[in-house]
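Written out below as C-alpha cells is the structure these notes cover.
This is the structure:
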C-alpha cells in the first residue's frame, strides 16, 4: 500500500475514528474541525477525549481548524459532517479543491428540505465529473477506532473510483468492498436510522425481541420500496450497506438512533432524549425527508410514517407500535 495524504473533514466520533484508522495503517491524515477550541484540545490531549476517550492519535495524524489549507493540500477528501452541514461544507471546499480530487464521505441521511441523496448533493455542488465515493456499512466509530474487525462498502457510480478508494482504506481489520450501487447504499444508510428509532421505541416499551425482529424485517421491505423509486434492485439491499447496517443499528445500544428510540419508548421527550445522547441523531432528520418522499410517491411505509408521527406530531409511542404490529396487511419482503 502506498501511503496517501488524506483530509478528514469533521472531528466528531466518526471523523476521528476514520482518521485514526487510516493514520494507523500508514497514511498521512489531517483531521479538520470547525471549532478552534475543540481542535486546540485535540492537540493538547493527542486524542478526542470528548467522543473517543482512551484512543491516542497515531504519529501520522495531525489536526487543523484551517479548512482552506486542509482542502488545498490533499487530493483525497473524506467528509464526516452531519447531513444538514454537508452541502455548506462542500461549498466552502469547492474553491480550494485540487484537480482530479477524490471526494468521499461517511455522512448518512437525505439532504434537509430537498430530500436529495448525498451523491446528488456532491454532483450538484462540485460538478458531474467529480470523482466520488460513499463509505457505508455496519460499523460503529468506537469499534473502528479500537481496530476491531469491520466490513464496509465503498460505492461510486464509477467502479474504478470505488476500487481505488477501497484499496486505500483496506487493512487487515477494516475490510472495504467496492460497489457501483451508490443509491442503494445511501438509501440503506439513511433509512436504517429511522428504522432503528422504531426498533428502540419498541424495546423501550418492553415489546421484546420478537417484535424487534418483525420491525427489522418489515423495515427492510420499506427500504426496498423506497429503493424502487431510484431504480435500485431488491438484491442491492441484501449486503453490508443494507440489511447489514440495518440489523446492527436496530439491535446494538451503541446506535444513537436506537438509544433515542429506547428513551422515547420509556417516556422521555425528544428534547430529553437528544440531550441525554449529546450527539447528532441523523434519524430525526431522515424521518422527515423519508415521510416527504412517501407522500410524494404514495408509498406504503407504515413504520417510517409512524416514526415520523412520533417525532413530529406528538403521537404516543405505544399507540404507534401497537398499530404497526396489528397491521395484518403488512407483507414480509419477497426478496429474490
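Numbering (my numbering), first residue to last: 1 to 336.
Note that CB positions come from ideal geometry on N, CA and C, so glycine has one too.
Note that the coordinates shown come from a computational prediction; the quantities given were computed from them, not determined experimentally.
Inter-residue spacing [alpha-carbon to alpha-carbon] between residue i and residue j
i	j	result
residue 223	residue 50	33 Å
residue 34	residue 264	31 Å
residue 142	residue 52	7 Å
residue 94	residue 322	48 Å
residue 114	residue 11	26 Å
residue 247	residue 324	19 Å
residue 285	residue 237	22 Å
residue 47	residue 13	11 Å
residue 309	residue 320	8 Å
residue 6	residue 280	24 Å
residue 64	residue 38	10 Å
residue 197	residue 17	23 Å
residue 152	residue 239	10 Å
residue 97	residue 121	16 Å
residue 70	residue 41	18 Å
residue 245	residue 210	19 Å
residue 66	residue 292	37 Å
residue 183	residue 117	7 Å
residue 179	residue 158	9 Å
residue 221	residue 282	21 Å
residue 316	residue 268	11 Å
residue 57	residue 326	50 Å
residue 45	residue 99	35 Å
Cβ-based neighbour list, residue i, same chain, cut-off 7 Å, excluding 5 preceding and 5 following
i	result
residue 61	19, 20, 23, 29, 31
residue 294	301, 304, 305
residue 89	9, 79, 81
residue 87	111, 121, 125
residue 336	For residue 336, the predicted structure reports a pLDDT of 46, less than 50, and the residue's modelled location is therefore unreliable. A value from the coordinates is still provided. These residues qualify, in order along the chain: 234, 235.
residue 119	132, 134, 182, 186
residue 92	67
residue 43	63
residue 318	205
residue 176	152, 154, 166, 169, 170
residue 273	260, 263, 264
residue 311	270, 284, 287
Residue i and residue j closer than 7 Å at C-beta
i	j	result
residue 9	residue 79	yes
residue 185	residue 235	no
residue 194	residue 101	no
residue 204	residue 266	yes
residue 138	residue 173	no
residue 270	residue 256	no
Cβ shell of residue i (< 6 Å), same chain only, five flanking positions each side left out
i	result
residue 168	4
residue 133	104, 154, 156, 161, 162, 165
residue 25	171
residue 74	5, 7
residue 307	194, 197, 198, 287
residue 242	188
residue 15	8, 80
residue 36	65
residue 76	4, 6, 102
Where the beta strand (DSSP E) through residue i begins and ends
i	result
residue 174	174-179
residue 131	131-136
residue 78	76-79
residue 28	28-32
residue 310	First-last for residue 310: 302-313, but that is the alpha helix (DSSP H), not the beta strand (DSSP E).
residue 64	61-64
residue 151	150-155
residue 161	It is not in any beta strand (DSSP E) - residue 161 instead sits in the alpha helix (DSSP H) that spans 159-169.
Cβ-based neighbour list, residue i, same chain, cut-off 8 Å, excluding 5 preceding and 5 following
i	result
residue 328	With a pLDDT of only 47 at residue 328, under 50, the local geometry of the prediction cannot be trusted, and the value read off the model is given with reservation. If we look at residue 328 and ignore the five residues flanking it on each side, it has no Cβ neighbours.
residue 146	55
residue 262	200, 201, 203, 204, 253
residue 225	299, 300, 301
residue 140	248, 252, 254, 255
residue 130	101, 103, 122, 123
Residue span of the alpha helix (DSSP H) that contains residue i, given as start and end
i	result
residue 122	118-126
residue 246	245-251
residue 39	36-45
residue 142	141-145
residue 295	282-297
Practice problem: Check whether the region 75-89 touches the region 99-115, taking contact to mean three or more Cβ pairs, one atom from each stretch, closer than 8 Å. | Solution: With a cut-off of 8 Å, the region 99-115 and the region 75-89 count as touching, because enough Cβ pairs lie within range.
Quiz item: Does the count of Cβ pairs from the region 294-301 and the region 224-237 closer than 8 Å reach three?
Solution: They touch, by the three-pair rule.
Quiz item: Would the region 207-222 and the region 303-315 be scored as touching if the rule is three or more Cβ pairs under 8 Å?
Solution: Enough Cβ pairs lie closer than 8 Å, so yes.
Quiz item: Is it a yes or a no for the region 158-167 touching the region 188-196, going by three-plus beta-carbon pairs under 8 Å?
Solution: Three or more Cβ pairs closer than 8 Å define a contact, and the region 158-167 falls short of that threshold against the region 188-196.
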